[in-house]
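Colleague:
Below is the structure:
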């Protein structure tokens, strides 16, 4: 546990130092669980988005995209059930005035104190699971008291009763009904269902994909960017015949797991597919793709069957027909949802790619071994020294090909330090202009992962970057699977 904690602290520090993630509003003391993406972070994030978006809308001819607004009519959230049912359990400590999720308090206590007593651990977690299913809040409180669980920060046991807490952010509006910051992007898809069918002549089965911000008033928002109050989702709603629910549910579970494995982050043991014990109010079936983060296995992506819950409710509240009309029938389609947290995927990729390697000379190299096609910078161009015309040649190479690739030019430090900096931000290749370049028109290419070097002709640089860092190869592999 201490080793994981040390690595996580190192990861957070590395993300800040090298311009991936900054604490938001840091000059004013920051905001709890709110973060900003820096220059390299936003590039990596955009590359992840592009990979997901093309995987959905380019490889599937029956999936289209949409970008709905964050603010929507308040009746949308009444129809979706979020106003009444989007709740978490809350317990407060009377002495510290701190809020906690009671089930998380119990789970973390058990993980810490019963690591060597699996039977006791299983018994407590089983009791918690049963109490959650029965919504027996009193028994959960009794369990907290029996285990003598105290406030993790202030070490106090003076707890309130457990109650439900709605997680939506409400915006007061003097002229209209209350508005809400959306807690999920899916409802913008459902409310545009009719428009998309008409404008794009969509036929069942078909999907609608969206990437966008969501907001949840988390009781405990922590673990860096894993759980935040403002976050980004990549969701796809797939509309199907009701009788084909199981077929498409199984299809999308396999498809999405294959997509994650194509990232080649780590060995397959770092992923697992788990069925839900507790379903959301809109789901009839649900599974999570879990990833082994530095703090253990946690949800990365959810696949759910929402059936006709959303469209039926929106039809009821809006008094508009949201169904499919065919010659011999009309029906409300079922929906299979895939919902992936972009920030969580960023953390999974970043944490599994960040390495400390001991070199032959005994020194430590910090390297971010990102998949090439996701790297913020695809290649770096350096002059060996800042004289004898080498910077001018390197700058010309940079200017000639930067229109095609995300590159960086640097001459500020020694070549060794320049290499180490590019290792730390995950740049796959470094091209160095040296004195041989003047004679042979060749440069030295240095590979990030194994630090091997060889000479290539200047005209090969752009081709190598395109072949090695482009999305074509990985999209082709996914296309064959689809």
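Residue numbers (my numbering): 172 to 653.
Backbone N, C-alpha and C fix where the C-beta goes; we use that ideal spot for every residue, glycine too.
Remember, it's a predicted structure, so these values are computed and weren't measured experimentally.
What do you reckon, are the CB atoms on residue 262 and residue 312 nearer than 9 Å?
Modeller: It is a contact, given that the beta carbons lie within the stated cut-off.
Colleague: Measure the alpha-carbon distance for residue 512 versus residue 427 and round it to whole angstroms.
Modeller: Note on geometry: alpha-carbon atoms of residue 512 and residue 427 lie some 13 Å from one another.
Colleague: For the candidate residues 597, 587, 583 and 630, whose alpha-carbon lies nearest to that of residue 567?
Modeller: Of the candidates 597, 587, 583 and 630, the one whose C-alpha sits nearest the C-alpha of residue 567 is 630.
Colleague: Mind listing, in chain order, the continuous alpha helix (DSSP H) runs of no fewer than 4 residues lying wholly within the segment 341 to 425?
Modeller: 357 to 362 and 364 to 371
Colleague: Using alpha carbons as the reference points, say which of 502, 473 and 242 lies closest to residue 483.
Modeller: Taking only the C-alpha atoms, the option nearest residue 483 is 502.
Colleague: Using the Cβ count rule (16 or more neighbours within 10 Å means buried), how would you classify residue 544?
Modeller: Counting Cβ neighbours within 10 Å, residue 544 comes out buried, since at least 16 surround it.
Colleague: The beta strand (DSSP E) that contains residue 560, what's its start and end?
Modeller: Taken as a continuous stretch (DSSP letters only), residue 560 belongs to no beta strand (DSSP E), as it is neither H nor E.
Colleague: Suppose contacts are defined by Cβ-Cβ distances below 9 Å. Is residue 596 in contact with residue 530 by that definition?
Modeller: no
Colleague: Whose C-beta lies closer than 7 Å to the C-beta of residue 253 among residues of the same chain, with five residues either side of it excluded?
Modeller: Same-chain partners within the cutoff: 339 and 354.
Colleague: Would you give the residue range spanned by the beta strand (DSSP E) that residue 584 belongs to?
Modeller: Premise fails: residue 584 is in no beta strand (DSSP E) and is neither H nor E.
Colleague: How far does the alpha helix (DSSP H) with residue 608 in it extend, from its first residue to its last?
Modeller: 606 to 611
Colleague: Residue 464 and residue 549: beta carbons closer than 9 Å?
Modeller: Cβ distance not < 9 Å, so residue 464 and residue 549 don't count as in contact.
Colleague: Here's the rule I'm using: 16 or more other beta-carbon atoms within 10 Å means buried, otherwise exposed. How should residue 604 be labelled?
Modeller: Counting Cβ neighbours within 10 Å, residue 604 comes out buried, since at least 16 surround it.
Colleague: DSSP state of residue 618, grouped into three classes?
Modeller: strand
Colleague: What's the C-alpha gap between residue 365 and residue 243?
Modeller: 16 Å
Colleague: Could you have a look at residue 189 and say whether DSSP puts it in helix, strand or coil?
Modeller: Secondary structure at residue 189: coil, using DSSP grouped into helix, strand and coil.
Colleague: Could you say which of 594, 460, 435 and 436 lies nearest to residue 445 if we only look at CA atoms?
Modeller: 460
Colleague: Span of the alpha helix (DSSP H) holding residue 639?
Modeller: 632 to 640
Colleague: Given that a residue counts as buried once 16 or more other Cβ atoms are within 10 Å of its Cβ, and exposed if not, what is residue 418?
Modeller: exposed
Colleague: Assuming the contact rule is C-beta atoms closer than 8 Å, residue 260 and residue 274 should be a hit. Round their C-beta distance to whole Å, please.
Modeller: 6 Å
Colleague: Could you have a look at residue 458 and say whether DSSP puts it in helix, strand or coil?
Modeller: It is a strand residue.
Colleague: So what's residue 184 in DSSP terms, helix, strand or just coil?
Modeller: helix
Colleague: Taking 8 Å as the cut-off, does the segment 393 to 413 touch the segment 491 to 510 (at least 3 CB pairs, one atom from each stretch)?
Modeller: Three or more beta-carbon pairs drawn from the segment 491 to 510 and the segment 393 to 413 are found closer than 8 Å, and the two stretches are therefore classed as touching.
Colleague: Quick check: what's the CA-CA separation for residue 628 versus residue 523?
Modeller: 34 Å
Colleague: Mind checking residue 579: buried by the 16 CB within 10 Å criterion, or exposed?
Modeller: buried
Colleague: With C-beta atoms as the reference, is residue 382 less than 9 Å away from residue 224?
Modeller: yes
Colleague: Specify, as a first and last residue, the run of the alpha helix (DSSP H) that residue 307 falls within.
Modeller: Here residue 307 belongs to no alpha helix (DSSP H), and DSSP marks it neither H nor E.
Colleague: Across which residues does DSSP place residue 501 in a beta bridge pair?
Modeller: 496
Colleague: Take residue 328 and list the residues in its own chain whose beta-carbon comes closer than 6 Å to its own, dropping the five residues that flank it on each side.
Modeller: 321
Colleague: Hey, out of 197, 176 and 213, whose CA is closest to residue 190's CA?
Modeller: Here the closest residue by C-alpha is 213.
Colleague: Can you tell me the Cβ-Cβ gap for residue 363 and residue 239, rounded? I've got them flagged as a contact below 8 Å.
Modeller: Indeed they touch by this definition, with Cβ atoms about 6 Å apart.
Colleague: For residue 520 versus residue 474, is the C-beta distance shorter than 9 Å?
Modeller: no
Colleague: May I have the straight-line CA-CA distance separating residue 205 from residue 514, to the nearest angstrom?
Modeller: Rounded to the nearest angstrom, the two C-alpha atoms are 11 Å apart.
Colleague: Assuming residue 235 is part of the beta strand (DSSP E), what are its boundary residues?
Modeller: 234 to 236
Colleague: Apart from the five residues just before and just after residue 662, which ones in its own chain have a Cβ nearer than 7 Å to its Cβ?
Modeller: Nothing about residue 662 can be read from this structure; the chain reaches only from 172 to 653.
Colleague: Below 8 Å, can you find three or more Cβ-Cβ pairs linking the segment 278 to 292 to the segment 229 to 239?
Modeller: no
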